[in-house]
Amino acid sequence: MKHVSSFHAILETLRAAPGSGTLFVTEDERRRGPRIRQILEEAERQGLAVRAVPASKLAEMNPEHRGVVLAVESELQRTLSLEELCERVSQVDASLVFVLDHIEDPHNVGAILRSADAFGVDAVIIPGRRASPLTDAAARSSAGAIAWMPVIQVSNLRAAVDELKSAGYWVYAADMAGAPVGEHPMSKKALVVLGNEGRGASRILKEAADESISIPMHGHVDSLNVSVSAAILMYEYRRACRG
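Residue numbering for the sequence shown follows UniProt numbering, starting at 1 and increasing by one per position.
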C-alpha cells in the first residue's frame with residue numbers, strides 16, 4: 001500500500017486515476033482547511049471511500065501528513081514499458097526521453113519529474129535497483145506530476161539506451177567536460193543521460209552516448225543540482241526544436 005500525503009500529489013493522483021484508493025482525513029474538522037476541503041470535494045465527486053480518523057492514525061501512515069492521506073494499492077507513477085515507448089514514438093519526428101543514472105535523492109527525482117511533465121518529456125527511465133524509490137517524498141517534490149509522467153523502470157540501463165539508439169534517438173550524456181549545450185541544435189529525437197549526484201553518469205553510459213553536453217557556468221561554483229540541470233536541458237531542447 002502506498003501513502004500519499006502532499007496536497008498537490010493527492011489531487012493529481014485522484015485526477016490521474018479517478019476512484020482509486022481510500023482517503024483518510026483528520027476527524028478534527030477544525031483542521032480541515034481550504035485545501036483539504038478541495039480534496040474532499042474531488043473525492044466526493046468520484047465516489048471515493050473517505051474515512052475520518054484520529055491524527056495518530058494518519059501519523060502511522062505518514063508522519064509528515066497535513067491532515068489527509070491517500071492510500072493506494074497501485075504505484076504512484078504512471079508505468080510504461082520500453083516497447084510501448086518505442087511503439088508510441090515510431091510515428092513521430094520529435095521525442096525527448098531522460099535517463100536517470102542511479103540518482104539517489106527522492107527530492108531530486110521528484111523535481112525532475114515535475115520539470116519533465118512541464119516540458120513535455122515523453123518518458124523518464126530509471127533503474128529498478130540502487131536508485132531512489134518513487135516514494136511519497138518524490139511525489140511531494142513532484143507537486144503531483146508523478147501521477148502523470150510516464151516512468152520506465154529497467155533492469156539494465158545500457159541495454160535500454162542501446163534499444164532507443166536503434167529506434168532513432170541521439171544519445172546525450174550530461175557531463176562537465178562535454179560541449180556547451182546550445183552550441184549545436186539538439187537532435188529532434190533526443191535521449192539525455194543524467195548521472196548520480198556525486199559520481200555523475202557511469203562510464204558505460206558515457207560510452208553509449210553519441211555526444212557529451214554541459215551547461216556553461218559563469219560563477220564561482222562549478223556544478224548545479226541535478227534537478228536544475230535537468231530543467232535547463234529540457235528547456236534547451238524545447239528552445240532548439242522551436243528554432
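Even glycine gets a Cβ: it sits at the ideal position worked out from N, Cα and C.
For this session: Might you give, ordered along the chain, the residues of its own chain that have their beta carbon closer than 6 Å to the beta carbon of R78, omitting 5 neighbours on each side?
Result: P150
Exercise. If you count every other CB in all the chains shown that lies within 10 Å of the CB of D122, and 16 or more means buried, which is it?
Worked result: buried
Exercise. How long is the line joining the alpha carbons of R88 and I39, rounded to whole angstroms?
Worked result: 33 Å
For this session: Name the two residues that bound the continuous beta strand (DSSP E) containing I152.
Result: P150 to V154
For this session: Tell me whether A147 sits in a helix, a strand or coil according to DSSP, three-state version.
Result: helix
Exercise. Taking just the CA atoms, how far does V171 sit from R35?
Worked result: 42 Å
Exercise. Helix, strand or coil for G243 per DSSP?
Worked result: Caution is warranted here: a pLDDT of 48 is assigned to G243, below 50, making its placement in the model unreliable, and no coordinate value can be reported.
For this session: Go ahead and pull the three-state DSSP assignment for Y235.
Result: helix
Exercise. Do F119 and M234 have their CB atoms nearer than 8 Å?
Worked result: yes
Exercise. By how many angstroms is the C-alpha of A209 removed from the C-alpha of R158?
Worked result: 10 Å
Problem set entry | Identified DSSP bridge partners for L23 | V50 and L70
Problem set entry | S212: first and last residue of the uninterrupted alpha helix (DSSP H) it sits in | Note, S212: premise wrong, no alpha helix (DSSP H); beta strand (DSSP E) at E211 to S214.
For this session: Give the single residue among E83, N156 and Y169 whose Cα lies nearest to the Cα of S95.
Result: Y169
For this session: Consult DSSP for N62 and reduce its assignment to one of helix, strand or coil.
Result: coil
Problem set entry | Counted within 10 angstroms of its Cβ, other Cβ atoms place G243 as buried (16 or more) or exposed | For G243, the predicted structure reports a pLDDT of 48, less than 50, and the residue's modelled location is therefore unreliable. A value from the coordinates is still provided. It counts as exposed.
Exercise. Nearest to E73 by CA position, among Y237, L85 and G19, is which residue?
Worked result: G19
Problem set entry | Three-state secondary structure assigned by DSSP to S6 | coil
Problem set entry | Residue nearest to V69 in terms of C-alpha spacing, selected from V97, E42, L48 and T26 | T26
Exercise. Are V124 and L113 closer than 8 Å when you measure CB to CB?
Worked result: yes
For this session: Inspect the CB distances between the segment 201–208 and the segment 218–227 and report whether three or more fall short of 8 Å.
Result: no
For this session: Report the residue from A71, L14 and E29 whose alpha carbon sits nearest the alpha carbon of Q46.
Result: L14
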